[in-house]
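These notes are about the structure you will find just below.
Residue numbers (this note's numbering): 1402 to 1694.
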């Protein structure tokens, strides 16, 4: 819409774009906002007018942000109902305003919002940002620790950074993620020793330990490599399956093509509880080896 009606007060900061030039940039800003839970976008005198279909297309389904856009004729009216405002800038400004980095700015916004204050963040034009008189309407400045030789950020990138810091400031733990790695039990020493024995047996059968006098040292080196990783039990099962395929099968006798003699012997030992039993090998069913070694 294109009037200056102020929407119901949310707790999240308002994003204010001053004289944005391209509808695509506005749309990418809306998308960045939606990624991190911001929804209220205000435009000050957008060059190409509003509404703008290019903006909606670039928003990538952040339609709730686009639909809620409010257009203002000047910056003063766009921030009139706000209690605290940050101005973003990539260069040093004259004046006496406090300068914050994005992490501290996110926490400051969170604190003010928790106190019931209405907050906002100003972003300037794509080509040169905010005028000094526009920065003067803000309470504090936020700037990003970018390379001074290439300090200019795309407007959507700048909004994304501040939206991220806003979201992060509200987490109980700033390292929190939406999902975690699967819970896996660390492998027991018995499971690890099973891998050792299987691998050494497979290598021995193929003449790896040569000359024979060096076998003890080669075994020590092999075990040292494998004990450094700190395997989880499921990971050892994967490795056991790999070793089993290399040990029992070959290009001439691939898995599923038959029941190799070496596999039969190991399965028989496992079934009878004899020496050399392989805990991951299952006795054959119907005269064939199983593929889930």
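Even glycine gets a Cβ: it sits at the ideal position worked out from N, Cα and C. The structure presented is a predicted model; accordingly, all values stated were derived computationally and were not measured.
Would you please state the rounded distance, in angstroms, between the beta carbons of residue i and residue j? I believe it to be under 8 angstroms.
i, j, result
"residue 1557", "residue 1433", "5 angstroms"
"residue 1414", "residue 1442", "In fact, because the Cβ distance is near 11 angstroms, the residues do not count as touching under 8 angstroms."
"residue 1435", "residue 1466", "6 angstroms"
"residue 1416", "residue 1504", "The Cβ separation is near 18 angstroms, so there is no contact."
"residue 1644", "residue 1599", "5 angstroms"
Do the CB positions of residue i and residue j come within less than 8 angstroms of each other?
i, j, result
"residue 1428", "residue 1460", "yes"
"residue 1418", "residue 1524", "yes"
"residue 1538", "residue 1484", "no"
"residue 1627", "residue 1567", "no"
"residue 1426", "residue 1527", "yes"
"residue 1447", "residue 1474", "no"
"residue 1630", "residue 1586", "no"
"residue 1606", "residue 1663", "yes"
Which class does residue i belong to by DSSP, given the choice of helix, strand or coil?
i, result
"residue 1474", "coil"
"residue 1527", "coil"
"residue 1481", "coil"
"residue 1459", "helix"
"residue 1442", "strand"
"residue 1520", "strand"
"residue 1687", "Annotation note: pLDDT 34 at residue 1687 (below 50); position unreliable, no value reported."
"residue 1612", "coil"
"residue 1419", "strand"
"residue 1543", "strand"
"residue 1551", "helix"
"residue 1635", "helix"
"residue 1617", "helix"
"residue 1407", "At residue 1407, the pLDDT of 47 sits below 50, so the modelled position is not reliable; the number obtained from the coordinates is stated separately. Residue state, collapsed to three classes: coil."
"residue 1501", "strand"
Leaving out five residues on either side along the sequence, give the residues of the same chain with a beta carbon under 7 angstroms from the beta carbon of residue i.
i, result
"residue 1449", "1424"
"residue 1530", "1490 and 1491"
"residue 1403", "Residue placement at residue 1403 cannot be trusted, given a pLDDT of 48 that sits under 50; what the coordinates show is reported in the next sentence. Within the same chain, residue 1403 has close Cβ partners 1451 and 1472."
Sorted by chain position, which residues of the same chain lie with C-beta nearer than 8 angstroms to residue i's C-beta, five sequence neighbours on each side aside?
i, result
"residue 1647", "1603"
"residue 1624", "1597"
"residue 1637", "1588, 1592, 1593, 1595 and 1596"
Here's a check: name, in chain order, each residue in its chain whose Cβ is nearer than 6 angstroms to the Cβ of residue i, leaving out the five neighbours to either side.
i, result
"residue 1508", "1570"
"residue 1536", "1488 and 1494"
"residue 1632", "1588"
"residue 1463", "1431, 1432 and 1435"
The segment 1544-1554 in contact with the segment 1480-1495 per 3-pair CB rule at 8 angstroms: yes
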